[in-house]
Amino acid sequence: MNKMKAAIIGAGYSGMAAAWDLVKAGNEVTLYEADDHPGGLADGFKEPHWRWSVEKFYHHWFASDTHMLGLIDELGLSKQVLFPRPYTVLLHNDRWYPFDSILKAILFPGLGWGLNKIRFGLVGLYLRLSKNWQALEKVTVEEWMRKWAGENVYRLMWEPLVIGKFGKYYQQVNMAWMWARLHARTTRLGTFEGGFQHFADLFAEKLITEGVQIKLNTSVSSIKRESTNGKLVVESTAGSSPYDKVLVTTSPGLMARLAPDLPDSYLKGLLNLKSMGAVVLVLSLRRQLSRQGYYWFNIPKTAGYPFLALVEHTNYVSPENFGGDHIVYIGDYLEPDHAYFSLSAEELLERFAPSLKNFNPDFEMDWIKKTWVFKTDYAQPVPLVNHSQNIPPIQTPVEGLFFASMSQVYPWDRGTNFAVEIGRKAAKVMQAT
Ligand SMILES: Cc1cc2nc3c(=O)[nH]c(=O)nc-3n(C[C@H](O)[C@H](O)[C@H](O)COP(=O)(O)OP(=O)(O)OC[C@H]3O[C@@H](n4cnc5c(N)ncnc54)[C@H](O)[C@@H]3O)c2cc1C
Numbered sequence: 007m008n009k010m011k012a013a014i015i016g017a018g019y020s021g022m023a024a025a026w027d028l029v030k031a032g033n034e035v036t037l038y039e040a041d042d043h044p045g046g047l048a049d050g051f052k053e054p055h056w057r058w059s060v061e062k063f064y065h066h067w068f069a070s071d072t073h074m075l076g077l078i079d080e081l082g083l084s085k086q087v088l089f090p091r092p093y094t095v096l097l098h099n100d101r102w103y104p105f106d107s108i109l110k111a112i113l114f115p116g117l118g119w120g121l122n123k124i125r126f127g128l129v130g131l132y133l134r135l136s137k138n139w140q141a142l143e144k145v146t147v148e149e150w151m152r153k154w155a156g157e158n159v160y161r162l163m164w165e166p167l168v169i170g171k172f173g174k175y176y177q178q179v180n181m182a183w184m185w186a187r188l189h190a191r192t193t194r195l196g197t198f199e200g201g202f203q204h205f206a207d208l209f210a211e212k213l214i215t216e217g218v219q220i221k222l223n224t225s226v227s228s229i230k231r232e233s234t235n236g237k238l239v240v241e242s243t244a245g246s247s248p249y250d251k252v253l254v255t256t257s258p259g260l261m262a263r264l265a266p267d268l269p270d271s272y273l274k275g276l277l278n279l280k281s282m283g284a285v286v287l288v289l290s291l292r293r294q295l296s297r298q299g300y301y302w303f304n305i306p307k308t309a310g311y312p313f314l315a316l317v318e319h320t321n322y323v324s325p326e327n328f329g330g331d332h333i334v335y336i337g338d339y340l341e342p343d344h345a346y347f348s349l350s351a352e353e354l355l356e357r358f359a360p361s362l363k364n365f366n367p368d369f370e371m372d373w374i375k376k377t378w379v380f381k382t383d384y385a386q387p388v389p390l391v392n393h394s395q396n397i398p399p400i401q402t403p404v405e406g407l408f409f410a411s412m413s414q415v416y417p418w419d420r421g422t423n424f425a426v427e428i429g430r431k432a433a434k435v436m437q438a439t
């Protein structure tokens, strides 16, 4: 096989995983990253007195994340993976109830003790055991759940989840998405000692040792075919360079702008893909918020809170890693034109603060040491009915140009584990063509 000179756009987990396999196979690899550090959507930040970084958007791994855990093993970093036992709760009649396994869900009082509970349990069991997601992608969550779990169970348990994650698209999301969540997720949640950013930095160091050239602070503006020598030219803030093959790992919208040579049919496919953004306010507190030590609070939109989830990170990993600070995320999945995208951390806090007493009646504003806000307009792809037929292939119609993004991860829900999987798949496709 001929060795190639390859460029990868994006040092998130799909880009880094592809770079790892390509360089290990003897190819010359350059990784372009617009930010000043690797890690992409799973990156982190650190205060001077913190030993660990905090992820900008709450992140953890599932015990079933075999692609990520396998890669970490290959990198020789498995000893730094931790699986503490956190507690997830759900709001019902102003009280919080444990809700992170089928058993806990069956004990959840919101369902009563009759037929609802039996239907909820049987549907959960069926989805956990069934492998046939292809049949499920033909119907929406709403249609399927109403039929099999029943109107009450759908309204109580599943509708809040799809509304929370998909906003105005909630009635269009296909049932394979729900299957994937219930099929693969585990109660045990994993993280990396030092934080996800520490892992991304170690991964990047290993890539450099293998010979990958990583260009940080380098934003790519276009990828075009050179008519004279047939190479693909990557135009970036560092100038222009020719490559045999280029892999783009950004959002579909950005891919469409970077590669104007893509034919209309492929571009249309990219631009038709729907996604939600996310806005997350991070607080460092002087004191613990949830005295019960709960990690993840799920809040149905109907409860009237101005956010979807509150996550007390330091009820999962110790506050000692953050100089005694208690870290709390307050987040929501929103359409990119939502008003929250234009608000500062202070303005968001003003809206969110009155609800914080519901998590601890003693809460006072002077517990807050510092706030940060993180926003992304590409956080969660929306899988509509028959999504498998709308996914653009990794190999684009432009010779030598490849695309691997969260929107092509399917039927699984997006995540760093599947970023690794699709990055490695892209590396294979690039070498085979
Ligand atoms: C709120 C939220 C919570 C999440 N929770 C979890 C979780 O608990 N567990 C989990 O595993 N996953 C979680 N995820 C998903 C996970 O972060 C993503 O699936 C994964 O990081 C995607 O990796 P990627 O490489 O495909 O893309 P990205 O991480 O988006 O990487 C793309 C990279 O391209 C760079 N880039 C963009 N434009 C350019 C340009 N013009 N030139 C050069 N570089 C460019 C970007 O800076 C970025 O680094 C979460 C995501 C969000 C938003």
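Using the numbering used here, you'd call the opening residue of the sequence shown number 7 and step up by one each time. Every residue, glycine too, gets a C-beta built ideally from N, C-alpha and C.
- Taking 8 Å as the upper bound for CB-CB distance, residue 229 and residue 407 are in contact here, some 6 Å apart.
- Looking at the DSSP output, residue 387 shares a beta bridge with 281.
- Within the chosen limit of 8 Å, ligand 1 does not reach the beta carbon of residue 203 with any heavy atom.
- Just measuring C-alpha positions, the residue of 104, 207, 227, 379 sitting nearest residue 58 is 207.
- Taking 8 Å as the cut-off, one finds at least one heavy atom of ligand 1 near enough to the beta carbon of residue 44.
- In this structure residue 214 is exposed. Its beta-carbon is surrounded by fewer than 16 other beta-carbon atoms within 10 angstroms.
- Judged by DSSP secondary structure, residue 226 falls within the beta strand (DSSP E) whose first and last residues are 226-231.
- Between ligand 1 and residue 337, a heavy atom-to-CB distance of less than 8 Å is present.
- For the pair residue 423 and residue 72, the CB atoms are nearer than the 9 Å cut-off.
- When the five nearest sequence neighbours on each side are left out, the beta carbons in the same chain lying within less than 8 Å of the beta carbon of residue 242 are those of 38, 221, 224, 225, 226, 227, in order along the chain.
- Rounded to the nearest whole angstrom, the C-alpha separation of residue 372 and residue 332 is 13 Å.
- Distance between residue 325 and residue 298, taken at the CA atoms: about 15 Å.
- Secondary structure at residue 196: strand, using DSSP grouped into helix, strand and coil.
- Non-local C-beta neighbours of residue 68 in its own chain, meaning closer than 6 Å and more than five positions away in sequence, comprise 191, 192, ordered along the chain.
- Relative to ligand 1, the nearest heavy atom lies less than 8 Å away from the CB of residue 65.
- Residue 55 counts as exposed, since fewer than 16 other beta carbons sit within 10 angstroms of its beta carbon.
- Boundaries of the beta strand (DSSP E) harbouring residue 302: 302-304, taken from the DSSP string.
- Per the Cβ contact rule, the stretch 362-372 is not in contact with the stretch 40-55 (fewer than 3 Cβ pairs under 8 Å).
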